[in-house]
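Just add 6 to the spot in the sequence shown (first one is 1) and you have my numbering. We put the beta carbon where it would ideally sit given N, CA and C, even for glycine. Remember, predicted model here, so these are calculated numbers, not experimental data.
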Amino acid sequence: MHDFMKNALEWVLDKEEKAARNHAIANEDIDKQIDILTTKKEKYQQDCEDMLHEFEHLLTRLNAIKEKNRDSA
7 MHDFMKNALE
17 WVLDKEEKAA
27 RNHAIANEDI
37 DKQIDILTTK
47 KEKYQQDCED
57 MLHEFEHLLT
67 RLNAIKEKNR
77 DSA
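So this is what it looks like as structure tokens:
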């Protein structure tokens, strides 16, 4: 599914590139799309960073549990 979406988006971008070359699409429309994608990218980047911090927290706790278990054995 991921490859399908990637290919579909590439196809759409190719069509938009051709339209832009023929001046059939306004730069303002492209700017709007850039703004939308930039906003989404920033949100996803923050979400990923939050998830990575949570994974680090979980790994730290698990390693502490492992050490306590080793000490009591």
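key: Length of the line joining the Cα atoms of residue 49 and residue 59   = 15 Å
For this session: Could you please give the first and the last residue of the uninterrupted alpha helix (DSSP H) stretch that includes residue 28?
Result: Here residue 28 belongs to no alpha helix (DSSP H), and DSSP marks it neither H nor E.
Taking the alpha-carbon positions, what's the residue 24 to residue 55 distance? 36 Å
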